[in-house]
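Note sheet for the following structure.
2 protein chains.
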Amino acid sequence: MSSAQKSAAQKSEDVRHECPVDAVLRLLMGPWTTYILYVLRTQGPRRFGELKREVGGISAKVLTERLRMLEEARLVHRDYQATIPPQVTYSLAPRGAELNPMLDALKDIALRWQTEDAQAARPRQAAE
Amino acid sequence: MSSAQKSAAQKSEDVRHECPVDAVLRLLMGPWTTYILYVLRTQGPRRFGELKREVGGISAKVLTERLRMLEEARLVHRDYQATIPPQVTYSLAPRGAELNPMLDALKDIALRWQTEDAQAARPRQAAE
DNA sequence: TAAAGTAGGTACTTAAAAGTAACCACGACG
DNA sequence: CGTCGTGGTTACTTTTAAGTACCTACTTTA
């Protein structure tokens, strides 16, 4: 964020009222966020440890950060069972599901571009 | 990016083949990117200086970075006229336009959530 | 002659994000 | 008794991105 945005954010609530799209994109940005949502979307509710293993390579710190952020944004739901050992299950909240059509549209575009770029990168394949 | 992703990226081309969505999101992430696309989408083709003034607060360095990135991703088109002084005009490329439906859907969600959150934040408004 | 506008490039600094490693309580298991 | 697994937290380090300031070359204008 720029200093201009920062100072503006101190006066009003947040500069992103000019661009709410940014606020949502900020949720999806980090290196692991879409992975986490993808696992929850496709595999269903998951515990912390399962999530950590399935995402593969993520640290507990970052996973916690992401989950806290997604929870605060109400994209995921956190279910804490104070058993011994404690069981914490994360699931996709209704708001998370609201993103599905948009993410699917984005996925279509992304796959199409990927294919186009791959073909443009190696036209030699056509001759072989 | 994690070290696990990095080492994987050295073996294959890029880890993002697992998640092309990430690749597209990475284009839209930076603090100013959606602003720039927004200006180009709504105001039409713009010169570098115009863009810099209209975005408001962005530095020439970051604007250049973003435009180069968007140009490489073929979301914007760069038209360089070697006049004195040189005129460089940026416009939305076809691929940039392909994002429109998705961005509009994202905007709908973002606006809805913003409204919901604002109402949830101050329920006192209902009593007044 | 000096400033302003054209479209950036370069060097340096700073701030934020990500990664790494160690640690906690607790109980089961060997 | 020591380690594993639960779900994290904390402190520290590294990496990356962003910001700031100054520079180019050329022309027009005051």
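Sequence lines, in order, name chains H and W. Take the first sequence: its letter number 15 is residue 15 in the working numbering, and every next letter is one higher. For the working numbering, count along the second sequence from 1 and bump the result up by 1000. All C-beta atoms, glycine included, are put in the ideal place defined by N, C-alpha and C.
Going by beta-carbon coordinates alone, are residue i and residue j separated by less than 7 Å?
i          : j          : result
LEU1028(W) : LEU25(H)   : yes
VAL21(H)   : THR1034(W) : yes
ALA93(H)   : LEU75(H)   : yes
GLU1099(W) : MET102(H)  : Looking at the sequence provided, one finds Leu at residue 1099(W) rather than Glu. No; because the gap between Cβ atoms is not below 7 Å, this pair is not in contact.
ARG53(H)   : THR89(H)   : no
ARG1068(W) : ILE1036(W) : no
Is DSSP giving residue i helix, strand or coil here?
i          : result
THR83(H)   : coil
ARG46(H)   : strand
TRP1032(W) : coil
ARG122(H)  : coil
LEU1067(W) : helix
LEU1037(W) : helix
LEU1099(W) : coil
ILE109(H)  : helix
Name the DSSP bridge partner or partners of residue i?
i        : result
LEU92(H) : VAL76(H)
Can you find the residues in the same chain that come closer than 6 Å, C-beta to C-beta, to residue i, ignoring five residues on each side of it along the sequence?
i          : result
GLN1081(W) : GLN1087
Can you list, in chain order, the residues of its chain whose CB lies under 8 Å from that of residue i, leaving out five sequence neighbours each side?
i         : result
ARG95(H)  : ALA73, ARG74 and LEU75
HIS952(W) : This structure gives no information on residue 952(W), because the portion of chain W shown stretches from 1001 to 1128.
What whole-angstrom Cβ distance do residue i and residue j have, given they're in contact under 8 Å?
i          : j          : result
VAL1062(W) : VAL1039(W) : That belief does not hold up - the Cβ atoms of VAL1062(W) and VAL1039(W) are roughly 15 Å apart, past 8 Å.
Spatial neighbours of residue i within its chain, please: C-beta separation below 7 Å, excluding the five flanking residues on both sides.
i        : result
GLU50(H) : none
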